[in-house]
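Residues 7 to 446 (the working numbering) are what the sequence shown spells out, left to right.
Contents: one structure, followed by commentary.
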Amino acid sequence: MDRRKFLGTAALAAGSAQAAPQLAVEGGTPVRSKPLRADYWGPQYYDEKERQQLNDVLETGRPFRWYGRGSEPPMKVATFEKEFAAWMRTRYALGVTSGTAALHTAMAALQIGPGDEVILPAWTWHSCYDAVVHAGALPVFAEIDESFNLDPSDIERRITPQTKVIMAVHLQGNPADLDRILPIARKHKLKLLEDCAQSVGGSYKGRPLGSIGDIGIYSLQLNKTITAGEGGAVVTNDPVIFERAARYHDLGGLRDLHEKVVGKPQLDWFAGTNFRMNEFSGGVLLAQLRKLEEIVSSVRASARRVYDGVRDLPGIKFRQLPDPAGELGSGVFMEFRSKQQCEKFMAAMRAEGVPVSRPGGSVILPTLPYIVNKVTVHPAWPSFTSARGRAIQYGAAACPRTIDILSRFAGPSLDPKYTRRETDDIVAAIRKVYPAIARA
Ligand SMILES: Cc1ncc(COP(=O)(O)O)c(C=O)c1O
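Here you go:
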């Protein structure tokens, strides 16, 4: 045996001879005495830049985006839109009041209404379902896969002659498998809406999320990558889709600035609503947008350290990542054989001072009573009065795979401000707990 092989074998023998450390849940010393806590991302980056933006608006007394004191229109939201479009590499961007408002705007921009159907994942946020119902259209759920996103192999059987849109939601920082979803949309002449609310700043094969489908939406609420507390945005490369979005968000009219952006208007007034972003939000979001690159690289680096620190553990299986380089890295999720095994892992990690959780930030929508019972603000809501709307059945039977997958994954949330010591603790806790739980 040569010296290198001998040393390797000796190290292996020493390793296996070492007793496994006693888990904290069984009375051992925890990895951390003070539990690790992830924080909201955007506010950790608030500094003079955001303060300056807010002061500008206060001192000039110009909180409304279209006009105010002075002869020139205020420019915070306008500049945010310009820089957001540049960041997302799209022709157009529109600032709105929330991600939910962005979804409503997207439905209007794609001309979705009564009689139409929209396919969306069974695990996502209420707003996705609400926007479809408020448009008077019918939400049709498809299963998720181990990426926690729309399962491309479950989409086609949900398509009917009424289907108009596939809503690909990039959930919890992970891009959906667009290489498989986009061709399905194109084959059936459906629009692809990318909901990037939970993945602002993520990318897919080098392209910013939201820029690949026909329209993209973002949330800029507190739990998202950058924030003004509330806020949202819509992006597209299509001038008519943009014009309809801009009109819808502002009572059906088109202001000078957006008219300049679209060139020659192609639509007339219609009944819209008011989802206009104000200048305080626009200023804060502009300051935050200029830090987006920094926040994303930092959280990605934290996630990478965790993946790299544990990927050699025998049997370990992570959430499916259709593009690992594009993932935001908001969590590192591991798969377990059963719900019980997953629960044991969570309890043992908590005892180590490194809390982990099941995939979060979304709900298994088809199981919620208001959805099962198709409750709407008016009993004659068009979504559910058509033959299809009356016949469609929601409930747990609509998404058994989604329920199973989400019960068997857990992992730590990551924070862009975690120190190396903190990510090392996450790695140490997983290395201590995972083998013991996986073996049992
Ligand atoms: C996937 C998804 N879409 C849309 C939204 C709505 O965003 P907002 O809270 O800004 O209205 C959220 C919010 O969490 C979300 O997670």
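The beta-carbon is built from N, C-alpha and C at its ideal position, and this holds for glycine as well.
From a predicted model like this one, the values you see are computed outputs, not experimental measurements.
Worksheet item: Just how far apart, CA to CA, sit ALA402 and LEU298?
Response: Rounded to the nearest whole angstrom, the CA to CA distance from ALA402 to LEU298 is 38 Å.
Item to complete: For VAL290, I'd like the list of residues in its chain whose CB is within less than 7 Å of its CB, leaving aside the five on either flank, ordered along the chain.
Response: Sequence-distant partners of VAL290 (beyond 5 residues in either direction) whose C-beta falls short of 7 Å from its own C-beta, in its chain, are GLU56, GLN59, LEU60, ALA234.
Worksheet item: Which of the three DSSP states, helix, strand or coil, is assigned to TRP129?
Response: Strand.
Worksheet entry | Nearest candidate by alpha-carbon position, reference LEU198, set SER205, HIS176, LEU228 | Nearest option by C-alpha distance: HIS176.
Worksheet item: Using 8 Å as the Cβ pair cut-off and three pairs as the minimum, do the region 130–146 and the region 164–181 touch?
Response: Taking 8 Å as the limit for Cβ pairs, the verdict is that the region 164–181 does touch the region 130–146.
Worksheet entry | Reference ASP256; option with closest CA among GLY367, ARG71, VAL439 | Comparing C-alpha distances from ASP256 to each of GLY367, ARG71, VAL439 shows the shortest one belongs to ARG71.
Item to complete: Below 6 Å CB to CB, which residues in the same chain sit around SER205 once its five sequence neighbours on both sides are set aside?
Response: Once the five neighbours on either side are set aside, the close Cβ partners of SER205 are HIS176, GLY179, LEU215, LEU334.
Worksheet item: First and last residue of the alpha helix (DSSP H) that includes VAL49?
Response: Looking at the sequence provided, one finds Pro at residue 49 rather than Val. Segment 47–50, the alpha helix (DSSP H) holding PRO49.
Worksheet entry | Continuous beta strand (DSSP E) stretch holding TYR400: start and end | Counting along the chain, TYR400 falls outside any beta strand (DSSP E), and DSSP gives it neither H nor E.
Fill in: VAL138, DSSP secondary structure in three states
DSSP places VAL138 in helix when its eight states are reduced to three.
Worksheet item: By a C-beta neighbour count over all protein chains shown, 10 Å radius and 16 as the cutoff for buried, is PHE339 buried or exposed?
Response: By the neighbour-count rule (16 or more Cβ atoms within 10 Å), PHE339 is buried.
Worksheet item: In chain order, what residues of the same chain have a beta carbon less than 8 Å from the beta carbon of PRO189, not counting five sequence neighbours either side?
Response: No residues qualify anywhere along the chain.
Discussion item. Assuming ALA91 is part of the alpha helix (DSSP H), what are its boundary residues?
Written reply: Residue range 82–94 is occupied by the alpha helix (DSSP H) that includes ALA91.
Practice prompt. Would you decide whether PRO80 is buried or exposed? Buried here means 16 or more other CB atoms lie within 10 Å of its CB.
Written response: Answer is buried; the Cβ neighbour count reaches 16.
Discussion item. Could you tell me the alpha carbon to alpha carbon distance between GLY258 and ALA84, rounded to whole angstroms?
Written reply: Cα to Cα, GLY258 sits roughly 18 Å from ALA84.
Worksheet entry | Cβ-based burial, THR231 [other Cβ within 10 Å; buried from 16] | Its Cβ being crowded by 16 or more others within 10 Å, THR231 is buried.
Worksheet item: Heavy atom of ligand 1 less than 8 Å from the Cβ of GLN294, yes or no?
Response: A distance criterion of 8 Å places the beta-carbon of GLN294 beyond contact range of ligand 1, judged by its closest non-hydrogen atom.
Worksheet entry | Cutoff 8 Å; reference THR433; Cβ partners in own chain excluding five residues on either side | According to the sequence as given, residue 433 is Val; it is not Thr. If we look at VAL433 and ignore the five residues flanking it on each side, its Cβ neighbours are ARG311, VAL312, GLY315, VAL316.
Practice prompt. Buried or exposed for ALA293, please, with buried defined as at least 16 other CB atoms from any protein chain shown within 10 angstroms of its CB.
Written response: Counting C-beta atoms within 10 angstroms of its own C-beta, ALA293 has 16 or more neighbours from the protein chains shown and is therefore classed as buried.
Worksheet item: Does ligand 1 have even one heavy atom less than 8 Å from the beta-carbon of SER175?
Response: First, the residue type needs correcting, since residue 175 is Val and not Ser in the sequence shown. True, at least one ligand heavy atom lies under 8 Å from that Cβ.
Worksheet entry | ligand 3 heavy atom lying under 8 Å from the CB of LEU109 | Among the ligands in the structure shown, ligand 3 does not appear; only ligand 1 can be found there.
Worksheet item: Does DSSP classify GLU341 as helix, strand or coil?
Response: It is a strand residue.
Worksheet item: In the DSSP assignment, what are the bridge partners of GLU249?
Response: Beta-bridge partners assigned by DSSP to GLU249: none are found.
Discussion item. Considering Cα atoms alone, identify which of TYR224, PHE281, LEU116, VAL246 is closest to TRP131.
Written reply: Nearest of TYR224, PHE281, LEU116, VAL246 to TRP131, Cα basis: TYR224.
Worksheet item: Going by alpha carbons, who is nearest to TYR254 out of THR66, HIS110, ALA148?
Response: Closest in alpha carbon position to TYR254, among THR66, HIS110, ALA148, is HIS110.
Worksheet item: Looking at the unbroken beta strand (DSSP E) that takes in PHE147, where does it start and where does it end?
Response: Secondary structure note for PHE147: its beta strand (DSSP E) is the uninterrupted segment 144–148.
Item to complete: Examine ligand 1 and report whether any of its heavy atoms sits within less than 8 Å of the Cβ of TRP93.
Response: Result no, Cβ not under 8 Å from ligand 1.
Discussion item. At the level of alpha carbons, what is the spacing between LEU327 and LEU371?
Written reply: LEU371 has its alpha-carbon roughly 23 Å from the corresponding atom of LEU327.
Discussion item. So for VAL316, helix, strand or coil by DSSP?
Written reply: VAL316 falls in the helix class under three-state DSSP.
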